[in-house]
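*Asks:* Provided herewith is a single structure, encoded as structure tokens, for subsequent inquiry.
Chains as they are written, first to last, in our numbering: chain P, 1 to 320; chain F, 1 to 320; chain L, 1 to 320; chain B, 1 to 320; chain R, 1 to 320; chain D, 1 to 320.
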């Protein structure tokens, strides 16, 4: 069972919208080595996990990282939505609830024909899509779950390494700060997951010696990445387990397989989290107004707007 | 940000394995109207949500149901894994850590050629797959998120109704108790979600009169469904929100649009949950042993097996 | 612009339902060489047709056959619907408008797990689907339209020949009379289209000599086929053009390229057509009741049921 | 059975070719909510229709709109073909039947590398393709036909609404008059279909009150749309039934569910139709010459070019 | 540049046709971890290889294994063709060149409706298809080629290991000797390739210690596998390089990473090869007669049938 | 069984990198009518070939052309790799083995956002991909193999003709010499294959008269094509058969069906071949360094770098 907290797992830096960068980031969301895939792969591996009951720490490891990946889907999806939002820079008559694009021959969405993925403006309303940067929809055929523990771990290591490789290439494609802040965070977390799977393989017999990290990059010189590495975030993992049942920390200890001098650790159940999730502004040129004022008044007139008292099954202190 | 609890959202009844039923249930997991789709659709709709800030209850409604759907993926995935587990009924030399199928000409996996989906035994190790009951991989093209609130809600109502229709048909295809317990639970929860989206559309102006539920079925006469309807589970929704920020309960109140005499309510953050998630037994004929004893001894020899103390970011009292 | 007549293009023989035969026939509907593909290919070729204005007979040829293929989609789709209808042979309490399958543990749709394509019973309600006999959805990538007239005609000849080859194989897979009556009709019409495209290529320079028909089969010995060949239906084409503008008959004349001693001809605008299209009976176990009696009464109460007088744009004498 | 008339269902305004607009319009042809999908969905729903015989008006409604959608495929396909035709603006030696691009180093198709979809010039010969605006081929998995009447109608309403939403966005992407004339016509016809399905749901019990149209847009202020709304085209439906057997007009009456003060009606069998379909000019740089003069002479030499007299099965007075 | 030898790379044992086994083997041909994929992946990795010129041995390693995989495609494809050939066991009037199935109501292809993949009999003529065992067509999205050498090698190791895992499962699904002889050969060759990639990673720094082989299986107890392991075939690789330019043998030496006490070696350019490739018998019920006698006579009449003398670019002594 | 020679089948002219041209050429590699498809189609047709043993020349014809197509995959793949290599024109600190893009805010891969296919830079490392020019992955559903000899030959003729048509259009899209040298070579080889299949159909009865070549183009006026036609390469075929077992030359003789005055012939086993295949330079901005110097030193330190002596199974005189 899963619960949600109305906070992003990490803050997103503010910058101008940039539909081409948004399209590139789709690879990290809906691409073959993106966050939807890692999320689904680890959730399936956890559900289908087999072994001696003493193998539970390996299942918990996959379950914990899989849960983190759902939050990464949320983070990169929100980032893409911000990069597309308002990118056509249409400044029409926003006092008119249903706007008037085209009325005077205007083409407020004209930029969709030439920049990024036209579906961001035509199928969605300036939001993220479950596709890759070439427009291919995400496919269930991406998920790997052979059921053999060593093979699944080996694949996961390769998957995280490839995800990080692609994100390093993405960093080199755009200097947009909104894009780079999320790319950089995911580079460091992919490294943490790569370390986790590499460590799990060490417990099963492999000696990586100097091989890791794979690939060797210069990402630690990217300023945003450097700041996170400074905090040691590449060696920290979380259980994302609400009731303390995870045994993943039995594996996630000892010197980092990436030979950076740090020790792996599981200091907390979850990171403190970043900014709250929010409602994006209406985009009238997309006919995406949410509930318009008249409808909101209607709600007020027909229902008491005070939320009912909801009893907590699981207690939590809000971090928002 | 998401957290996990090591409990299924509902118990699964015990019965014999049944690969044909397992294959049928794949429609409810990886089909066009299955749980992976509802989950992804609502998570994308939440991430990309637009509107006046006062529209937040609608976003929270989608976010809450979307979070519940992740737990449904876990529930139906685990159900499928149990229905495939051991279904070839191979009872080989389990004292031998790597077994000996085929050694004497045996074909322990022969039933995979004629029952259900051969991929359950060939690509996976008797576990769930991200495909539908005809073997088609799940596709990102299923996700609908127009960005127009009324349209998205209308689609969601249709989606839940279709999901329930298919599950009623599934109930009629198999009498296996493991399959039926999960099917029945999902019929009732789909009804609850249908009610939620119908209610949201009522606040925006539709009067459903006698139209709901869509479709009208006789599911309430299925014994497992009847027991859950008796508890009113078709009119209850949850926020699945850990820190109390959700405003969904502003909408989820008033008489059920399905005209069954109940009131919609949000009594708790989350259901108490069912049985704990567990590690499935090894299947040597699949070469799916998890960490074998030798490897587990290796772990014991090289690391202290006591889990490190993990600090809680969010407090919770285990319900397990 | 297109118009419809509420008659099938050919009668369908009556026989028992047969879900396995229904699944096989899907190849002829939604397969790579089935009727949806021929229909779409010729409609695209007509829309995109280029050439000297004197090339119009070639466009009209494609347009006419393309229009016939829509009627073939209707014919084979209806055939499949009849082959799946009632095939689970469930004879439940049909006096009860919403029936009671499962109430007593019954599994009226159990046969869907083992025969044909489960989607016929789970996704549809015992009706045809836009997929092939292996369950793959029809794809736009099947359509061939190079824009070069000779190449397009050559492809069309190969396409009709392959369609006929597959239908001859289908004939050998089932002795169900419902299936065979439609298969046989389509074998003969594919032959007529093959002749039409071969003749068009003759006007552009090819001498087929003894090559046609491709493939050479023994289909003319199948009794249902023999009866249609006796009528010369393999050498007849139609314009399906309502206002007499088609020039296809300029090409469709002369000795048949298949060397069967007949002359090609275009005797009529359209065949007289077969049985009327009808409404299939409700299937309560599929929750597919159409408008139930209560709803039909509701219609009667709120609206005059006499149809308004509709003025004819195009006059026609009903053949129904 | 279907017949064709050699007229477009509506005229297309003349303007410059525009490959980027052509690519955008592909969404309306081969996209998930485009005309190929509505056409196929309604044809399948009609073929598979179930119910009490008195439910026939609902089947006839779907059949009639489905038939209109074939004409819409023809209209938007032709529009795309015109928008791509000559767009590379190559003005080579057209006196030479096989032209000479590249002979002097020229690259007459160079613009295909940077504008729109390269397949318009490389796979097709400046014509429409069965793909969406992101290049994805049309898929049979788009078709929805649950077999439950209320659900199918609800889906169809949502489908028409989404189609109209996307076309309003398309209008805002381009000011090309060729593109806008077809977009505007389809906006109004989608509205008419939305009204038809909403009305059908009213007869089954829903009261839409002020909810329709969904979405609320400002399209009626687009000049081309305004002209058509002025004629009331958003409240008119046709049977497209040649022999007067359709009962759809039993449903299509009464005040418009969109609250615009009009009454729904079925005044005629079919619209009078627009300009005749025509043969597009050859494009030598695509090696798309149609039958070249030499071949046309060959035809003249070997066959009498007077069309044979074709007997009419169905009488019609040409509107061409 | 590639050349062909008209011999299979290994003999295929004789046994009865078996369409269900044929379908299972499709996973090894057209599945995500089958021979078409390994072949394409290594050919792309070779074409796109980057590095210091001294990295050539790694490219040559991939090129050599990639070339071997083309021969594996040929081997497993031929095996599937034999397993489907004649499996309907139709013994009709074979003296008649075009046969007479169906003439007397016979359904010689009836078994296609219930066993294996119907496409083997309907789309192909009892031959192999480029699809997996669930009927999904092979996809270019399977190919992995990140361009980072260590990642590509790691992926290749995982790919070979998964291929071998699936083939061990296939061995347990059927006792058909035709199927098992090819499965067993490929198990051993996959092991050889796994060793090759593991060894390449050793040269780049990994110490596998006791981890390999992955997965650990009991395949060496399968009699057919045991016979090949006895010959040491799991430790032998070939260059498949005709002119001696490959440097792969610089890597492929030293103790086997699988710890079986053997040394890796490259003793020969290519194996001696097995039986000659042959022409399969006609199948009249598939209308797959090849050139019929009349046509063959025609050839004899119009052309001298003695082959022209073909000069050798590359000399070779036939092993056939 | 297949062998490889480390030479391209034809030289590639040198010119600047050009990512848009590279993307266009993907159609010729991974498109529906590209080299991967011809290769796979002919290999499947050869493996599955049926007929009287005297039909062997037809099988050998398909096998020989299929083998040549593997070399074409290699040629066009290498061409694309060269067209993408270095195209971002990043000239960073190449003395640093792991480079420093982004360190100073640089975006060395920025051009990937706007030119060609972003996957060339993000998923691959400036190399060829198994996709078409619109980014669709290659699909097994492209392969046609009906098993009927005449139909398969007719399809192959149409396939080669369409391949040539698309390559003529590609020639008109770019003046890049690297691209044009490979396009031109493939135009001429497609013509040779078209002639081969047309000739095979002649032996089976068709008289093409003046129809061929299909399509008629002006390609012979392209200078690079003219030079190859001058050598008669459009009328020459090869067996690519190492041991002289092919009987294809029984068919490949007589006047060219394309009526250009030449005679078809099979003068040699294989062409002499072009430049050697090579290792492309590292691209640090892609993290595609191959084995870095440190790793190469490691190899040198732990293994003797002299290649072992490899015995030849098949003798050959190197042409390198």
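All C-beta atoms in this analysis are idealised placements derived from N, C-alpha and C, irrespective of residue type, glycine included.
Using only the alpha-carbon positions, how far apart do residue 147/B and residue 67/B sit?
*Replies:* Your numbering for residue 147/B matches position 147 in the fourth chain. Your numbering for residue 67/B matches position 67 in the fourth chain. Taking the straight line from one Cα to the other gives about 19 Å.
*Asks:* Would you check if the distance between the CB atom of residue 80/L and the CB atom of residue 161/L is smaller than 7 Å?
*Replies:* On the third chain, residue 80/L is found 80 positions in, with the first residue counted as 1. On the third chain, residue 161/L is found 161 positions in, with the first residue counted as 1. Their beta carbons are not under 7 Å apart, which means residue 80/L does not touch residue 161/L by this criterion.
*Asks:* Is it right to say residue 32/L is buried, meaning 16 or more other beta carbons lie within 10 angstroms of its own, or is it exposed?
*Replies:* Translated into positions along the third chain, residue 32/L becomes position 32. It is buried - the Cβ of residue 32/L has at least 16 other Cβ atoms within 10 Å.
*Asks:* Mind checking who residue 241/P pairs with in its DSSP beta bridge?
*Replies:* Mapped onto the first chain, residue 241/P falls at position 241. In the DSSP output, where bridge partners are listed per residue, residue 241/P has 4/F.
*Asks:* Report yes if the C-beta distance between residue 208/R and residue 30/R is below 7 Å; otherwise report no.
*Replies:* Sequence index remark: in the fifth chain, residue 208/R carries index 208 (1-based). Sequence index remark: in the fifth chain, residue 30/R carries index 30 (1-based). No, these two residues do not count as a Cβ contact at 7 Å.
*Asks:* Is it true that the CB of residue 211/L sits closer than 7 Å to the CB of residue 251/L?
*Replies:* Counting from one through the third chain, the residue named residue 251/L turns up at place 251. Counting from one through the third chain, the residue named residue 211/L turns up at place 211. Not a contact, by the Cβ cut-off of 7 Å.
*Asks:* Below 8 Å, how does it come out for the segment 228-236 of chain P and the segment 177-188 of chain P: are there three or more Cβ pairs, yes or no?
*Replies:* Because the criterion of three Cβ pairs below 8 Å is met, the segment 228-236 of chain P and the segment 177-188 of chain P touch.
*Asks:* Could you check if residue 239/F is buried or exposed, using at least 16 other CB atoms within 10 Å of its CB as the buried criterion?
*Replies:* The residue given as residue 239/F occupies position 239 in the second chain. Counting Cβ neighbours within 10 Å, residue 239/F comes out buried, since at least 16 surround it.
*Asks:* Any beta carbon of chain B sitting closer than 7 Å to that of residue 84/L?
*Replies:* Here residue 84/L is taken as the residue at index 84 of the third chain, counted from 1. No, residue 84/L lies away from the interface with chain B (no Cβ there is under 7 Å from its Cβ).
*Asks:* So residue 236/R and residue 248/R are supposed to be a Cβ contact under 8 Å. How far apart are they, rounded?
*Replies:* Locating residue 236/R in the fifth chain gives position 236, counting from the first residue. Locating residue 248/R in the fifth chain gives position 248, counting from the first residue. Contact flag wrong, Cβ pair sits at about 12 Å.
*Asks:* Check whether the Cβ of residue 282/P lies closer than 6 Å to any heavy atom of the ligand HEM, and answer yes or no.
*Replies:* Looking at this structure, you won't find the ligand HEM or any other ligand, since it has none at all.
*Asks:* Distance check for residue 36/P and residue 199/B, CA to CA, integer angstroms please.
*Replies:* Here residue 199/B is taken as the residue at index 199 of the fourth chain, counted from 1. Here residue 36/P is taken as the residue at index 36 of the first chain, counted from 1. Using only the alpha carbons, I get a separation of about 40 Å.
*Asks:* For chain F, check one thing: does any of its Cβ atoms lie closer than 7 Å to the Cβ of residue 146/B?
*Replies:* Position 146 of the fourth chain, counted from the first residue, corresponds to residue 146/B. With 7 Å as the cut-off, residue 146/B counts as an interface residue toward chain F.
*Asks:* Short of 8 Å in beta carbon distance, which residues of its chain neighbour residue 64/L, apart from the five on each side in sequence? Order them along the chain.
*Replies:* Counting from one through the third chain, the residue named residue 64/L turns up at place 64. Excluding positions up to five away in sequence, the list reads 237, 238, 239, 240, 241, 246, 248.
*Asks:* Would you please verify whether the beta carbon of residue 27/R is less than 7 Å from any beta carbon of chain F?
*Replies:* Locating residue 27/R in the fifth chain gives position 27, counting from the first residue. Yes, contact with chain F.
*Asks:* Given a limit of 9 Å on CB to CB distance, which residues of the segment 117-139 of chain P reach chain D?
*Replies:* Going along the segment 117-139 of chain P in chain order, one finds 132, 133, 134, 135, 136 with a Cβ nearer than 9 Å to chain D.
*Asks:* Relative to chain P, which residues along the segment 173-196 of chain B have a C-beta separation below 7 Å, given in chain order?
*Replies:* So the list reads 173, 174, 175, given in the order they occur along the chain.
*Asks:* Are there 16 or more other CB atoms within 10 angstroms of the CB of residue 124/P, so buried, or fewer, so exposed?
*Replies:* Within the first chain, the letter at position 124 stands for residue 124/P. Under this definition residue 124/P is a buried residue.
*Asks:* Looking at residue 87/D and residue 130/D, is the spacing between their C-beta atoms short of 7 Å?
*Replies:* The count along the sixth chain starts at 1 and reaches residue 130/D at position 130. The count along the sixth chain starts at 1 and reaches residue 87/D at position 87. No, Cβ-Cβ distance for residue 130/D and residue 87/D is not below 7 Å.
*Asks:* Determine the contact status of residue 233/B and residue 24/B, defining contact as a CB-CB distance below 7 Å.
*Replies:* What you label residue 233/B is simply residue 233 of the fourth chain in a count that begins at 1. What you label residue 24/B is simply residue 24 of the fourth chain in a count that begins at 1. Not in contact: residue 233/B and residue 24/B (Cβ atoms no closer than 7 Å).
*Asks:* Can the beta-carbon of residue 287/L be found closer than 7 Å to that of residue 217/F?
*Replies:* On the third chain, position 287 is the one that residue 287/L refers to. On the second chain, position 217 is the one that residue 217/F refers to. Going by C-beta atoms, residue 287/L is nearer than 7 Å to residue 217/F.
*Asks:* If we count the other Cβ atoms within 10 Å of its Cβ and call it buried at 16 or more, is residue 176/R buried or exposed?
*Replies:* Taking the fifth chain and counting its residues from 1, one reaches residue 176/R at position 176. Classification for residue 176/R: buried.
*Asks:* Looking at the structure shown, is residue 127/L part of a helix, part of a strand, or coil, going by DSSP?
*Replies:* Position 127 of the third chain, counted from the start, is the residue given in the question as residue 127/L. Correct three-state label for residue 127/L: coil.
*Asks:* Checking 7 Å against the spacing of the C-beta atoms, do residue 149/F and residue 290/P come in under that value?
*Replies:* Reading the second chain from its first residue, position 149 is the one you call residue 149/F. Reading the first chain from its first residue, position 290 is the one you call residue 290/P. Against a cut-off of 7 Å, the Cβ pair of residue 290/P and residue 149/F comes out as a contact.
*Asks:* By Cβ distance below 7 Å, which residues in the same chain neighbour residue 173/F in space, the five residues on each side in sequence not counted?
*Replies:* Here residue 173/F is taken as the residue at index 173 of the second chain, counted from 1. Same-chain partners within the cutoff: 24.
*Asks:* Just the chain L side, please: which residues come within less than 8 Å of residue 252/F by C-beta, in chain order?
*Replies:* If you number the second chain from 1, residue 252/F lands on position 252. The premise fails here: residue 252/F is roughly 26 Å from chain L at the closest Cβ pair, so nothing lies under 8 Å.
*Asks:* Can you pull the chain P residues whose beta carbon is under 7 Å from the beta carbon of residue 169/B, in chain order?
*Replies:* Working through the fourth chain from its first residue, we reach residue 169/B at position 169. Here the neighbours are 109, 121, 122, 286.
*Asks:* Anyone know if the C-beta pair for residue 73/R and residue 39/R falls short of 7 Å?
*Replies:* Taking the fifth chain and counting its residues from 1, one reaches residue 73/R at position 73. Taking the fifth chain and counting its residues from 1, one reaches residue 39/R at position 39. Cβ atoms of residue 73/R and residue 39/R: closer than 7 Å.
*Asks:* Who are the Cβ neighbours of residue 144/D in its own chain at under 8 Å, not counting the five residues just before and after it?
*Replies:* On the sixth chain, position 144 is the one that residue 144/D refers to. 41, 152, 155, 159, listed in sequence order.
*Asks:* Looking at the strands, I want to know which residues DSSP matches up with residue 268/B.
*Replies:* If you number the fourth chain from 1, residue 268/B lands on position 268. Residue 268/B pairs with 311/L.
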